[in-house]
Each structure stands twice: as C-alpha cells, then as structure tokens.
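A.B. asks:
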Amino acid sequence: MDILSFINLLVIGLFLVLLGIVGIKVLFKIGKTVIGIVFNMLMGFAVLFLANLLPFINIPLNILTIAVAGFGGIMGVGLLIFAQVLGFF
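Counting from 0, one number per residue, gives the positions in the sequence shown under numbering that gives the first Met the number 0.
Below, the structure is given as structure tokens:
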C-alpha cells in the first residue's frame with residue numbers, strides 16, 4: 000500500500016465518521032421531538048380522563064374532543080373545559 004492510497008483511505012474514513020456523527024445527532028434531535036409530542040398527548044388524555052371524573056365537568060368523549068386533547072395536551076383540555084363552561088357541550 001503506497002502513501003497516496005493510505006491518505007485516500009484515511010480521508011474517506013474520516014468523512015464517514017463525521018457523517019455518522021451528524022446522522023446520530025439528527026436522529027437524537029428528531030427522537031427528542033417525538034418523545035415530547037407523545038408525552039404531551041398522553042398528558043392530554045390523562046387530564047381529559049381526570050377532568051371527566053369531576054361531577055361538574057361533563058366533556059363527551061368523541062373524535063373531536065380526543066383529537067383536541069391529543070394534539071393540544073393539557074392546554075387543549077383546558078380549552079375543552081373552558082368551552083364546556085361557556086355551554087358548548
């Protein structure tokens with residue numbers, strides 16, 4: 000193996016290592032976002048269930064309210080409770 004092919008192999012190896020590091024960082028950033036969204040959805044569903052246990056709050060469980068609680072999380076359930084207080088449900 001001459002020196003030119005060794006340098007060529009070294010440059011390709013360093014490029015692949017850097018590409019792998021950048022790829023892992025991007026995957027961790029996407030994973031962190033996905034975990035945050037899933038946590039927000041689960042908290043919304045839990046708060047919707049707990050709010051329906053209270054005797055003075057009666058939010059019907061249909062596709063619209065579940066979607067608002069899922070996408071909005073705790074703030075979405077707060078919006079549903081506010082809409083129920085205003086008489087929309």
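The beta-carbon is built from N, C-alpha and C at its ideal position, and this holds for glycine as well.
Just to check my reading of the structure: residue 68 and residue 87 have Cβ atoms closer than 8 Å, yes? What is that Cβ distance to the nearest angstrom?
C.D. replies: Taking the sequence shown and counting its residues from 1, one reaches residue 68 at position 69. Taking the sequence shown and counting its residues from 1, one reaches residue 87 at position 88. Not really, about 15 Å apart at Cβ, beyond 8 Å.
A.B. asks: Among 58, 73, 30, whose alpha-carbon lies nearest the alpha-carbon of residue 84?
C.D. replies: Mapped onto the sequence shown, residue 84 falls at position 85. Comparing Cα-Cα distances from residue 84 to each of 58, 73, 30, the minimum goes to 58.
A.B. asks: What are the boundary residues of the alpha helix (DSSP H) that residue 9 is part of?
C.D. replies: Along the sequence shown, one-based indexing puts residue 9 at 10. It spans 2-52 - the alpha helix (DSSP H) in which residue 9 sits, taken as one unbroken run.
A.B. asks: Closer than 6 Å by C-beta to residue 90: which residues in its own chain qualify, once you throw out the five before and the five after it? Chain order, please.
C.D. replies: Because the chain in this structure spans residues 0 to 88, residue 90 falls outside the shown range and cannot be described.
A.B. asks: For residue 89, which residues in the same chain have their Cβ closer than 8 Å to its Cβ, ignoring the five residues on either side in sequence?
C.D. replies: The displayed coordinates of the chain run from 0 to 88. Any statement about residue 89 would go beyond what the structure contains.
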